[in-house]
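K.L.:
Residue numbers (UniProt numbering): 1 to 327.
#1: Could you tell me the distance, in whole angstroms, from the CA atom of residue 36 to the CA atom of residue 5?
#2: Short of 8 Å in beta carbon distance, which residues of its chain neighbour residue 87, apart from the five on each side in sequence? Order them along the chain.
#3: Here's the rule: buried if 16 or more other CB atoms are within 10 angstroms of the residue's CB, otherwise exposed. What is residue 251?
#4: Identify every residue that forms a DSSP beta bridge with residue 202.
#5: Would you mind working out which of 174, 69 and 142 sits nearest residue 109, comparing C-alpha positions?
#6: How close, in whole Å, do the beta carbons of residue 127 and residue 283 come, if the pair is a contact with beta carbons under 8 Å?
#7: Per DSSP, which one or two residues make a beta bridge with residue 58?
#8: Could you please give the first and the last residue of the uninterrupted alpha helix (DSSP H) stretch that includes residue 251?
#9: Suppose contacts are defined by Cβ-Cβ distances below 8 Å. Is residue 267 in contact with residue 67 by that definition?
#10: For the segment 66 to 148, which segments carrying the beta strand (DSSP E) assignment without a break, of at least 3 residues, lie completely within its bounds, in sequence order?
#11: Report all residues from its chain with a CB closer than 8 Å to the CB of residue 144; omit the five preceding and five following residues, and keep chain order.
#12: Please go through the same chain and pick out, in chain order, the residues whose beta-carbon is closer than 8 Å to the beta-carbon of residue 286, but skip the five residues on each side of it.
#13: Residue 268 by DSSP, collapsed to three states: which one?
#14: Quick check: the Cα distance between residue 81 and residue 164, rounded to an integer number of angstroms?
#15: Assign residue 260 to one of two classes, buried (16 or more other C-beta atoms within 10 Å of its C-beta) or exposed (fewer than that).
#16: Can you look up residue 175 in the DSSP assignment and give me helix, strand or coil?
#17: Between 202, 191, 248 and 154, which lies nearest to residue 213 when the distance is taken from Cα to Cα?
#18: Taking C-alpha atoms, which residue in 326, 269 and 313 lies nearest to residue 14?
#19: Which stretch, first to last residue, makes up the beta strand (DSSP E) that contains residue 165?
#20: Assign residue 192 to one of three DSSP states: helix, strand, or coil.
#21: Ordered along the chain, which non-local residues of its own chain (more than five positions away) have a Cβ less than 6 Å from that of residue 62?
#22: If you draw a straight line from the alpha carbon of residue 159 to that of residue 24, how long is it in whole angstroms?
#23: Is the segment 222 to 234 touching the segment 180 to 190, taking contact as three or more C-beta pairs under 8 Å?
#24: Between which residues of its own chain and residue 12 is the CB-CB distance below 8 Å, once the five residues before and five after are set aside?
#25: Within the same chain, show all residues whose beta-carbon is closer than 8 Å to that of residue 219, passing over the 5 residues directly before and after it, in chain order.
#26: Going by CA-CA distance only, name the one from 166, 205, 131 and 193 that's closest to residue 249.
#27: Going by the DSSP bridge assignment, what does residue 304 pair with across the sheet?
#28: Can you find the residues in the same chain that come closer than 7 Å, C-beta to C-beta, to residue 53, ignoring five residues on each side of it along the sequence?
#29: Is residue 93 near residue 79, with beta carbons less than 8 Å apart?
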């Protein structure tokens with residue numbers, strides 16, 4: 001997936017992932033990329049994706065669109081191109097995250113289907129899904145309710161097993177594993193962040209983060225203390241270490257859940273609709289925190305979501321509908 005790095009007056013502003021086939025740029029509120037300046041037309045430019053190629057098009061703007069300092073009406077985009085719109089510069093970057101060698105793939109899903117029995121009927125939640133996730137990706141599984149994204153996340157998280165197909169997690173084929181081995185894989189390789197937080201109400205924030213570490217027998221008391229202190233500080237909750245969940249806000253509880261997920265040093269963090277029960281600002285704060293952790297610690301994040309903010313921040317978006325990956 002390609003992205004734009006947006007600058008204004010030589011100052012970096014933000015990064016936008018081009019996960020949609022068409023991305024409008026302008027001043028209007030319905031533009032995916034809004035550039036706040038009166039010199040920018042309401043609908044100034046359009047970036048479209050045709051197969052693997054991207055194009056930039058002037059939508060009849062007042063002050064034109066520049067590509068590498070030349071006026072254009074419509075032109076193909078290549079890695080490193082610079083789009084000029086008034087005093088904004090948009091650097092076009094093509095990611096190569098999908099070209100990792102197989103050895104770099106933390107998750108491999110091959111031709112996976114999942115059926116559930118509902119009374120006398122069989123409901124198909126996933127149909128012949130294949131994908132892979134590389135080390136360090138920040139990936140979103142997107143789609144409407146009932147599309148199969150949470151089912152796929154649960155299968156990757158070894159919470160459920162596929163009806164057919166194969167799933168490999170960090171080189172482990174989960175179809176060959178005993179229940180105890182799957183439990184060890186969840187404990188040592190995977191971290192979970194749920195939309196309902198799933199904190200133990202009788203335990204403090206400190207104790208909730210500590211709980212999974214108690215299952216890791218090779219971590220002694222001092223190492224455990226240091227990890228808890230570190231991750232509560234990372235999520236900004238060191239002053240709330242001894243508060244129970246009912247004494248914390250929704251955003252603070254989600255931060256405890258993130259600290260708990262990271263404390264075991266997992267290779268992969270699975271986040272199921274992590275912003276669904278949070279207000280807009282808190283949700284954005286949580287997303288920025290997870291993106292920062294992804295970049296600084298190299299932790300792989302996989303989300304199930306229908307939140308546009310998550311999709312915009314993701315390195316890659318896999319869209320599902322009716323249990324299948326859509327193109």
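We put the CB at the ideal spot given by N, CA and C, even for glycine.
The structure displayed is predicted, hence computed values, not measured ones.
P.N.:
Inspection of the coordinates gives the following:
#1: Position 36 of the chain shown, counted from the first residue, corresponds to residue 36. Position 5 of the chain shown, counted from the first residue, corresponds to residue 5. Each residue's alpha carbon lies about 16 Å from the other.
#2: Along the chain shown, one-based indexing puts residue 87 at 87. For residue 87, where only same-chain residues beyond five positions count, the Cβ hits under 8 Å are 8, 9, 37 and 39.
#3: The residue labelled residue 251 in the question sits at position 251 within the chain shown. Under this definition residue 251 is a buried residue.
#4: On the chain shown, residue 202 is found 202 positions in, with the first residue counted as 1. None; residue 202 has no bridge partner.
#5: As a working note, residue 109 is residue 109 in the chain shown. The candidate whose alpha carbon is nearest that of residue 109 is 174.
#6: The count along the chain shown starts at 1 and reaches residue 127 at position 127. The count along the chain shown starts at 1 and reaches residue 283 at position 283. Contact flag wrong, Cβ pair sits at about 31 Å.
#7: What you label residue 58 is simply residue 58 of the chain shown in a count that begins at 1. Answer is 45, bridged to residue 58.
#8: Here residue 251 refers to the residue found at position 251 when the chain shown is read from its first residue. First-last of the alpha helix (DSSP H) with residue 251: 250 to 263.
#9: Taking the first residue of the chain shown as 1, we reach residue 267 at position 267. Taking the first residue of the chain shown as 1, we reach residue 67 at position 67. Against a cut-off of 8 Å, the Cβ pair of residue 67 and residue 267 comes out as no contact.
#10: 74 to 77, 82 to 85, 88 to 94, 105 to 118, 121 to 134 and 138 to 142
#11: Looking up residue 144 in the chain shown gives position 144. Excluding positions up to five away in sequence, the list reads 306 and 321.
#12: In the chain shown, counting from the first residue as 1, residue 286 sits at position 286. Hits under 8 Å: 251, 254, 255, 258, 274, 275 and 278.
#13: As a first step, residue 268 must be located in the chain shown, where it is residue number 268. Note: residue 268 maps to strand in three-state DSSP.
#14: Start at 1 with the first residue of the chain shown, and residue 81 comes out as number 81. Start at 1 with the first residue of the chain shown, and residue 164 comes out as number 164. Each residue's alpha carbon lies about 44 Å from the other.
#15: Along the chain shown, one-based indexing puts residue 260 at 260. Buried, since its Cβ has 16 or more Cβ neighbours within 10 Å.
#16: Stepping through the chain shown from its first residue, residue 175 is reached at position 175. Residue 175: helix per DSSP, three-state reduction.
#17: Numbered from 1 along the chain shown, position 213 holds the residue referred to as residue 213. Minimum Cα distance to residue 213 is reached at 191.
#18: For the purposes of this step, residue 14 is taken as residue 14 along the chain shown, with counting starting at 1. Looking at the Cα atoms, 313 is the closest of the given residues.
#19: Sequence index remark: in the chain shown, residue 165 carries index 165 (1-based). Run containing residue 165: 164 to 169, per the beta strand (DSSP E) assignment.
#20: For the purposes of this step, residue 192 is taken as residue 192 along the chain shown, with counting starting at 1. Residue 192: strand per DSSP, three-state reduction.
#21: For the purposes of this step, residue 62 is taken as the residue at position 62 of the chain shown. The answer, listed in chain order, is 41.
#22: Your numbering for residue 159 matches position 159 in the chain shown. Your numbering for residue 24 matches position 24 in the chain shown. Approximately 39 Å between the Cα atoms of the pair.
#23: no
#24: Locating residue 12 in the chain shown gives position 12, counting from the first residue. Cβ neighbours of residue 12 beyond the five flanking positions: 5 and 6.
#25: For the purposes of this step, residue 219 is taken as the residue at position 219 of the chain shown. 213 and 227, listed in sequence order.
#26: Within the chain shown, the letter at position 249 stands for residue 249. Comparing Cα positions, the closest option is 205.
#27: Here the question's residue 304 lines up with position 304 in the chain shown. For residue 304, which the question treats as bridged, DSSP gives the partners 141 and 272.
#28: Along the chain shown, one-based indexing puts residue 53 at 53. These residues qualify, in order along the chain: 76.
#29: Along the chain shown, one-based indexing puts residue 93 at 93. Along the chain shown, one-based indexing puts residue 79 at 79. Cβ atoms of residue 93 and residue 79: closer than 8 Å.
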